[in-house]
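Novice:
Protein chains in written order, with this note's numbering: chain A, 1 to 337; chain B, 1 to 409.
(1) In terms of alpha-carbon separation, which member of B:125, B:375, B:97, B:374 lies closest to residue 177 (chain B)?
(2) Indicate whether residue 253 (chain B) and residue 286 (chain B) have their beta-carbon atoms separated by less than 9 Å.
(3) If you measure from the beta carbon of residue 124 (chain A) to each beta carbon in chain B, is any gap under 9 Å?
(4) Look at residue 76 (chain A) and residue 162 (chain A) and say whether their C-beta atoms are less than 9 Å apart.
(5) For the 8 Å Cβ check, are there 3 or more pairs between the stretch 124 to 138 of chain A and the stretch 80 to 93 of chain A?
(6) Show which residues of chain A have a CB atom less than 9 Å away from the CB atom of residue 244 (chain B).
(7) Residues of chain A with CB closer than 8 Å to the CB of residue 394 (chain B), please, in chain order.
(8) Are the beta-carbon atoms belonging to residue 290 (chain A) and residue 260 (chain A) less than 9 Å from one another?
(9) Listing by chain order, which chain B residues have their CB less than 8 Å from the CB of residue 17 (chain A)?
(10) Residues in the same chain with beta-carbon distance under 8 Å from residue 369 (chain B), minus the five sequence neighbours each way, listed in chain order, please.
(11) Anything in chain A within Cβ reach of residue 226 (chain B), meaning under 8 Å, just list it in chain order.
(12) Please list, in chain order, the residues of the stretch 197 to 215 of chain B that have any C-beta partner in chain A closer than 7 Å.
(13) Determine whether the Cβ of residue 96 (chain A) lies closer than 9 Å to any Cβ atom of chain B.
(14) Quick one: measure Cβ to Cβ for residue 268 (chain A) and residue 274 (chain A), integer angstroms, because I've assumed they're closer than 8 Å.
(15) In chain A, which residues lie less than 9 Å from residue 183 (chain B) when you measure between Cβ atoms?
(16) Given a limit of 7 Å on CB to CB distance, which residues of the stretch 145 to 174 of chain B reach chain A?
(17) Within the chosen definition, does the stretch 383 to 394 of chain B reach the stretch 161 to 181 of chain B through at least 3 CB pairs nearer than 8 Å?
(18) With a cut-off of 9 Å, does the C-beta of residue 105 (chain A) fall near any C-beta of chain B?
(19) Mind checking whether residue 331 (chain A) and residue 307 (chain A) have CB atoms under 9 Å apart?
(20) How many Å lie between residue 309 (chain B) and residue 234 (chain B) at the Cα?
(21) Are there three or more Cβ pairs, one per stretch, closer than 8 Å when the stretch 320 to 330 of chain B is compared with the stretch 37 to 54 of chain B?
(22) Count the other CB atoms, across all protein chains shown, that sit within 10 Å of the CB of residue 118 (chain B); report buried if there are 16 or more and exposed otherwise.
(23) Near residue 181 (chain A), which residues of its chain fall below 7 Å by C-beta distance, leaving aside the five closest residues on each side in sequence?
(24) Relative to the C-alpha of residue 66 (chain B), which candidate in B:55, B:75, B:72, B:76 has its C-alpha closest?
(25) Please confirm if residue 280 (chain A) has its CB atom under 9 Å from at least one CB of chain B.
(26) For residue 279 (chain A), does the count of other Cβ atoms within 10 angstroms reach 16, so buried, or fall short, so exposed?
(27) Tell me the DSSP bridge mates of residue 140 (chain B)?
(28) My guess is that residue 39 (chain A) and residue 18 (chain A) are in contact by the Cβ rule of under 8 Å, so how many angstroms apart are they, rounded?
(29) Run through the stretch 110 to 149 of chain A for me and flag every whole beta strand (DSSP E) of 3 or more residues, listed as ranges in chain order.
(30) Can you give the Cα-Cα distance for residue 111 (chain B) and residue 307 (chain B), rounded to whole angstroms?
(31) Mark residue 252 (chain A) as exposed unless 16 or more other C-beta atoms lie within 10 angstroms of its C-beta, in which case mark it buried.
(32) Below 9 Å between beta carbons: does that hold for residue 258 (chain B) and residue 211 (chain B)?
(33) Quick one, are the C-beta atoms of residue 83 (chain B) and residue 116 (chain B) less than 9 Å apart?
(34) Whose C-beta lies closer than 6 Å to the C-beta of residue 194 (chain B) among residues of the same chain, with five residues either side of it excluded?
(35) For the stretch 241 to 270 of chain A, which residues have a beta carbon sitting closer than 7 Å to at least one beta carbon of chain B?
(36) With 16 other CB atoms within 10 Å as the buried threshold, where does residue 236 (chain B) fall?
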């Protein structure tokens, strides 16, 4: 067991898998010699060799298409897209190819690829270093979308993703790479050092895909969140003084519908929190599922706290970012009904 | 500098439209045997003339001439002829079957049969091709069961792709034939990745990717060439230039000012331009590129210069955008007729044997269609609806299980 931040935990997952499975290889822009712009692949090339962790041309479409070809051959490539904002040139490959390959070939070919990509805002990243594209993958049948919120889960979920025979989009909330961030941008930055979830086993372990985690038990309202928003939710719940139950979804697809339904049936209220803009966001799907399955248990309308329906702005970072105050307000509103 | 004339936008147009005399005067067709054959290990900078030439082996009299002559045995040539003939007979039969309303869609590869057939036979069983929808002759050459093909085209109960895929978008892993899809170009990079994987594992297999000349305009083409070049991937990247992308002539794809083979130059790859209607030239170029790939010398881009003699698909009427008799004027002739003539002039074939083979293959195709019809044509038979919900993931998640139950299955 060692204390690790998210970056170290992800690095450890990759290191473990490179060691364990000769079919695992890593490539992407700047991931090789340099070790990645966020250091997630630091020293992996030095340790495992240049063909196992190498630099790629600046071509997201090329990275994902070659990864799919490698997957069809029998490898387990882990490809990095430097920012989730730049995954769109590879969208056709993910949607038309990776997601459909097994289905359309009657099971003859499949793409066991993991696409890692830093995502999310709160870092003054502006329009193209802050986006949260999970909803555009959630809508695509055949792709799984996984989002960790702490070092322990990051490593266990990444290992599960690499070992999965399905294509995975693995979104890493870059705002919490170095420490949990609760949305209080005016307070001192925290590190992972004193967090129990930063105790990470050094060897192999997994966190199952499709299982949510109950971060906080409560009775009055259920909060559904993932990624950096889990920490914002903790702060918002505390500030609201409301006894809310907090679920960290951990994967968007497959979704832990049973955990969600059980919690909302218990509390009778539900508020959804995500950074991505609201309209067409994954919160819409969550809200529909809760409404369909928990209608007779609901005591108030389902709330959605999300980014605004604008591109992610630079100067208005903290006006855009759905912080704890906005969640607390939504929780109080839910309780008034 | 005076700007004497206003700017104008150039939009390429073909030499002839419906009602015009077909014209291929603009094409420079070198004589068979004229193009040099460099050593496979020659450095790329010594091969930069090749993309502007045309590798041809069969001359107008049907003789195999020049340095690219692969000197194939008559048995192999007859095997190739058989695969091409089978493809053509199959195309004609299934096109009619579509017109009878027994399936929703079909695409012929008339005039392009030499490419898939020669490459399929020239490469090894373990090599993988990443096809377009117009290289069915690859499967014919490897004796993929016709009945499975027709069942797929009918989407019936025995369809190997379980009713999920449009007709002719086959997948045949054991025959070195990667899963097809309707979106064009997006598998060109898969060929490169597959080849990179083979190199990574220290294997001896190589990959072959196909793309049409129209689709070279997609970003996928550029991406694949970049990656193939950067990592010296053991892959043969083929452009089948059949002059037409549905109704757009090759000039619209960027072929007016250069050749598609010449696109290799800027990537530092050797580029060959090959008579795609010459079975022997296709074979020889493939063998040359395969040898380079197997010797870790990297990728080769080959443009197969050919002509799409039929319409784009059953949904297309080519007389609306090109002269109806254009195919007959194509200067590189018909690949089947040319190989047949070669075999006959070598004393290894004759008209009677050709007719007998044609009859045999026609019967074979008819029998396969009949057998598949007995299972059911489109809409008369289909796999279990359960199959609609399988294969989305390695294991179904709760959504598909619930939705399947919602349908009562």
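Where a beta carbon is used, it is the ideal one built from N, C-alpha and C, also for glycine.
Specialist: This is what the structure holds:
(1) Sequence index remark: in the second chain, residue 177 (chain B) carries index 177 (1-based). The shortest C-alpha separation from residue 177 (chain B) is found at B:125.
(2) Looking up residue 253 (chain B) in the second chain gives position 253. Looking up residue 286 (chain B) in the second chain gives position 286. At least 9 Å separates the beta-carbon of residue 253 (chain B) from that of residue 286 (chain B).
(3) In the first chain, the residue the question calls residue 124 (chain A) occupies position 124. Using a CB distance cut-off of 9 Å, residue 124 (chain A) does not count as an interface residue toward chain B.
(4) The residue labelled residue 76 (chain A) in the question sits at position 76 within the first chain. The residue labelled residue 162 (chain A) in the question sits at position 162 within the first chain. For residue 76 (chain A) and residue 162 (chain A), yes; Cβs fall inside 9 Å.
(5) Counting Cβ pairs under 8 Å, three or more are found: they touch.
(6) Locating residue 244 (chain B) in the second chain gives position 244, counting from the first residue. Per Cβ cutoff of 9 Å: no residues; residue 244 (chain B) is ~24 Å from chain A at best.
(7) Counted from its first residue, the second chain places residue 394 (chain B) at position 394. Those are 102, 110, 164, 165, 166, listed as they occur along chain A.
(8) Locating residue 290 (chain A) in the first chain gives position 290, where the first residue counts as 1. Locating residue 260 (chain A) in the first chain gives position 260, where the first residue counts as 1. Remark: C-beta atoms of residue 290 (chain A) and residue 260 (chain A) approach each other more closely than 9 Å.
(9) Sequence index remark: in the first chain, residue 17 (chain A) carries index 17 (1-based). Residues of chain B passing the Cβ test: none, with the nearest at roughly 15 Å.
(10) Looking up residue 369 (chain B) in the second chain gives position 369. Leaving aside the five residues that flank residue 369 (chain B) on each side, the residues in its chain whose CB is nearer than 8 Å to its CB run, in chain order, 93, 94, 97, 150.
(11) Numbered from its first residue, the second chain carries residue 226 (chain B) at position 226. Residues of chain A passing the Cβ test: 57, 59, 62.
(12) Residues 197, 198, 200.
(13) Position 96 of the first chain, counting from 1, holds the residue named residue 96 (chain A). Residue-level contact by beta carbon holds for residue 96 (chain A) and chain B, with a gap shorter than 9 Å.
(14) One-based indexing of the first chain puts residue 268 (chain A) at position 268. One-based indexing of the first chain puts residue 274 (chain A) at position 274. Beta-carbon to beta-carbon, residue 268 (chain A) and residue 274 (chain A) are separated by about 22 Å, too far to satisfy the 8 Å threshold.
(15) Within the second chain, numbered from 1, the residue matching residue 183 (chain B) stands at position 183. Ordered by position in chain A, the residues that pass the 9 Å Cβ test against residue 183 (chain B) are 92, 96, 97.
(16) Those residues of the stretch 145 to 174 of chain B that come within reach of chain A (Cβ to Cβ, closer than 7 Å) are 160, 161, 162, 164, 165, 171, 173.
(17) Contact between the stretch 383 to 394 of chain B and the stretch 161 to 181 of chain B is present, because at least three Cβ pairs lie under 8 Å.
(18) Along the first chain, read from residue 1 onward, the residue named residue 105 (chain A) stands at position 105. Yes, residue 105 (chain A) counts as interfacial toward chain B.
(19) In the first chain, counting from the first residue as 1, residue 331 (chain A) sits at position 331. In the first chain, counting from the first residue as 1, residue 307 (chain A) sits at position 307. Contact flag unset, no.
(20) Counting from one through the second chain, the residue named residue 309 (chain B) turns up at place 309. Counting from one through the second chain, the residue named residue 234 (chain B) turns up at place 234. The straight-line gap from Cα to Cα measures roughly 32 Å.
(21) Using a Cβ-Cβ distance cut-off of 8 Å, the stretch 320 to 330 of chain B and the stretch 37 to 54 of chain B are not in contact, since fewer than three pairs of beta carbons, one from each stretch, lie closer than that value.
(22) In the second chain, counting from the first residue as 1, residue 118 (chain B) sits at position 118. With a 10 Å radius around the Cβ and a threshold of 16 neighbouring Cβ atoms, residue 118 (chain B) comes out buried.
(23) Numbered from its first residue, the first chain carries residue 181 (chain A) at position 181. Here the set comprises 122, 175, 228, 231.
(24) If you number the second chain from 1, residue 66 (chain B) lands on position 66. When each option's Cα is compared against that of residue 66 (chain B), the closest is B:55.
(25) What you label residue 280 (chain A) is simply residue 280 of the first chain in a count that begins at 1. For residue 280 (chain A), no Cβ of chain B is located within less than 9 Å of the residue's own Cβ.
(26) As a first step, residue 279 (chain A) is located in the first chain; it is residue number 279 there, counting from the start. With fewer than 16 other Cβ atoms from the protein chains shown falling within 10 Å of its own Cβ, residue 279 (chain A) counts as exposed.
(27) By one-based count along the second chain, residue 140 (chain B) stands at place 140. According to DSSP, which records beta bridges pairwise, residue 140 (chain B) is partnered with nothing at all.
(28) For the purposes of this step, residue 39 (chain A) is identified with residue 39 of the first chain, where counting begins at 1. For the purposes of this step, residue 18 (chain A) is identified with residue 18 of the first chain, where counting begins at 1. Contact flag wrong, Cβ pair sits at about 16 Å.
(29) Runs of the beta strand (DSSP E) inside the stretch 110 to 149 of chain A: 114 to 119, 144 to 146.
(30) In the second chain, residue 111 (chain B) corresponds to position 111, counting from 1. In the second chain, residue 307 (chain B) corresponds to position 307, counting from 1. Between the alpha carbons of residue 111 (chain B) and residue 307 (chain B) lies a gap of roughly 6 Å.
(31) Translated into the one-based positions of the first chain, residue 252 (chain A) becomes position 252. The residue is buried, with at least 16 neighbouring Cβ atoms inside 10 Å.
(32) Sequence index remark: in the second chain, residue 258 (chain B) carries index 258 (1-based). Sequence index remark: in the second chain, residue 211 (chain B) carries index 211 (1-based). Against a cut-off of 9 Å, the Cβ pair of residue 211 (chain B) and residue 258 (chain B) comes out as no contact.
(33) Your numbering for residue 83 (chain B) matches position 83 in the second chain. Your numbering for residue 116 (chain B) matches position 116 in the second chain. Contact flag set, yes.
(34) Taking the first residue of the second chain as 1, we reach residue 194 (chain B) at position 194. Around residue 194 (chain B): 128, 207.
(35) Correct list: 254, 257.
(36) Translated into positions along the second chain, residue 236 (chain B) becomes position 236. Answer is buried; the Cβ neighbour count reaches 16.
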